[in-house]
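Remarks on the structure that follows.
Numbering (mature numbering (1 follows the signal peptide of the UniProt record, and there is no 0)), first residue to last: -21 to -1, 1 to 421.
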């Protein structure tokens, strides 16, 4: 899931960010092989893990019981931006490098391409490939090598208030974006604050539309990055959302995760949210008064009968190339992202991309009371399996997403700038920044 939501959902009070480097046990050397601290035999190893996912700490007791010579300290990474900066600083300083680090999927290339992450192929990681949905595995693969293991996932899905749709004369969830458009007009006709959705410049939502429509605006090949927001799929998605905005069918005043967002979800005036599947765990807290009204469906499709999805968030864990205890770190990583600790994390609320979980009866067959006893796991499992392939993020996307809001703000406040123009401005800023960072961007 995206970090801003993850911090709200999984806010374990572990160790403050200011103590990250001081608490890390990495030596700053290459640290490969058994000499780097495998945790085998009687050797005592202390692992330092940087993570903002509170479910990872839940897996520590079981791991330490099975590996008494390995002690694990999970350090709260706070925001992703702070964590990435601290990791870069530690690598440059040659000390304080942690053994295992959490990365949003789009951040993996930034650290992998310049050699800051260990290639997990040396640990035989390919044998785990079939336990992850294809898109998640692709997220941690850079130039044919795997640099992290997926730990949580955000397949895009549509969360809709069935009571509001019924009030507007809509008897089922929109299955296509054309149906979504028609439903939006009916919901807006209810008056007041009734809208089918809100948007104040959510780049992840827009990119999920582009992704699903077949757009692939970012092409990455080693150090070379090409950006193009004019391909057919991107143009289609942007034009559709532009129409929704131009016709006043989207609430552009309410920001996601705000008090007003909570209010409109609670009272039903905000009818749908197309977000990552992780919303199942926070929506009940955000909109308790809407219990029993919300349902989950696949994203509306661009063509009737298709089943193509996209991602909206997700994270992974990788081992820094300068980590001091790579073997022991991978042992813990395998435990909580694939092995015995996975079920502990799922029970604690983690939404994982492991097929062993997604395809299980326990996951798919469980009725969710908040969602009107719908078996939401079955929907989200299908959403996870149908994510479109071939998507890439530029290695500097962490920076790119941070500036998008400033560029998009004039449109959402004045309506005088078109989305296509915003994306072109964003592209030019990205080209300039990427080239300044040593990439070849056009």
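For each residue, glycine too, the CB sits at the ideal point set by N, CA and C.
Residue i vs residue j beta-carbon contact at 9 Å
i           : j           : result
residue 129 : residue 331 : yes
residue 437 : residue 289 : It is not possible to answer for residue 437, since the shown part of the chain is limited to -21 through 421.
residue 275 : residue 261 : no
residue 356 : residue 337 : yes
residue 138 : residue 252 : yes
residue 368 : residue 278 : no
residue 254 : residue 291 : yes
residue 177 : residue 235 : yes
residue 308 : residue 33  : no
residue 295 : residue 83  : yes
residue 206 : residue 409 : yes
residue 180 : residue 390 : yes
residue 244 : residue 79  : no
residue 426 : residue 314 : Within the shown structure, residues of the chain are numbered from -21 to 421, placing residue 426 beyond reach of any answer.
residue 107 : residue 306 : no
residue 72  : residue 29  : no
residue 329 : residue 256 : no
residue 133 : residue 297 : no
residue 26  : residue 62  : no
residue 110 : residue 335 : yes
residue 227 : residue 167 : yes
residue 342 : residue 325 : yes
Residue(s) in a DSSP beta bridge with residue i
i           : result
residue 124 : 121
residue 205 : 198
residue 422 : In the structure as shown, the chain begins at -21 and stops at 421. Residue 422 is therefore absent and cannot be evaluated.
residue 53  : 28
residue 129 : 295
residue 425 : Because residue 425 is not part of the residues shown, which for the chain are -21 to 421, the question remains open.
residue 155 : 280
residue 136 : 254 and 277
residue 82  : 295
residue 419 : 203
residue 333 : 111
residue 76  : The partner list for residue 76 (beta bridge, DSSP) is empty, contrary to what the question assumes.
residue 96  : 299
residue 366 : 288
Closest Cα partner of residue i within the set the options
i           : options               : result
residue 421 : 208, 364, 286 and 381 : 208
residue 354 : 287, 340 and 155      : 340
residue 333 : 114, 228, 135 and 30  : 114
residue 146 : 410, 109 and 162      : 162
residue 56  : 36, 81 and 224        : 81
residue 93  : 70, 103, 78 and 110   : 70
residue 384 : 405, 371, 269 and 169 : 405
residue 373 : 358, 386 and 412      : 412
residue 417 : 40, 51, 158 and 204   : 204
residue 37  : 105, 281 and 320      : 320
residue 189 : 399, 415, 414 and 419 : 399
residue 238 : 193, 219, 266 and 217 : 266
residue 378 : 39, 60, 75 and 194    : 60
residue 24  : 165, 303 and 364      : 303
residue 300 : 35, 77 and 31         : 77
residue 215 : 195, 53 and 284       : 195
residue 273 : 342, 151, 22 and 371  : 151
residue 422 : 415, 380, 392 and 47  : What the structure shows of the chain is the stretch from -21 to 421, and residue 422 is not part of that stretch, so it cannot be assessed.
residue 269 : 143, 211 and 342      : 143
residue 112 : 198, 364 and 388      : 364
residue 58  : 392, 31 and 48        : 31
residue 402 : 75, 182 and 135       : 182
residue 281 : 217, 325 and 271      : 217
residue 392 : 135, 200, 232 and 74  : 232
residue 285 : 213, 349 and 154      : 154
residue 47  : 387, 22 and 240       : 22
Below-9 Å beta-carbon distance, residue i vs any chain B residue
i           : result
residue 420 : Looking for chain B here will not work: only one protein chain is present.
Sufficient close CB pairs (3 or more, under 8 Å) joining the stretch 238 to 255 to the stretch 170 to 187: With a cut-off of 8 Å, the stretch 170 to 187 and the stretch 238 to 255 count as touching, because enough Cβ pairs lie within range.
Taking only runs of the beta strand (DSSP E) that begin and end inside the stretch 222 to 303, which ones reach a length of at least 3 residues, in chain order? Segments of the beta strand (DSSP E) lying fully in the stretch 222 to 303: 251 to 255, 273 to 277 and 290 to 297.
Any 3 or more C-beta pairs closer than 8 Å across the stretch 119 to 128 and the stretch 78 to 89: With the cut-off at 8 Å, the stretch 119 to 128 and the stretch 78 to 89 touch.
Report yes or no: do three or more beta-carbon pairs, one from the stretch 214 to 223 and one from the stretch 93 to 112, lie closer than 8 Å? Contact between the stretch 214 to 223 and the stretch 93 to 112 is absent: fewer than three C-beta pairs spanning the two stretches fall below 8 Å.
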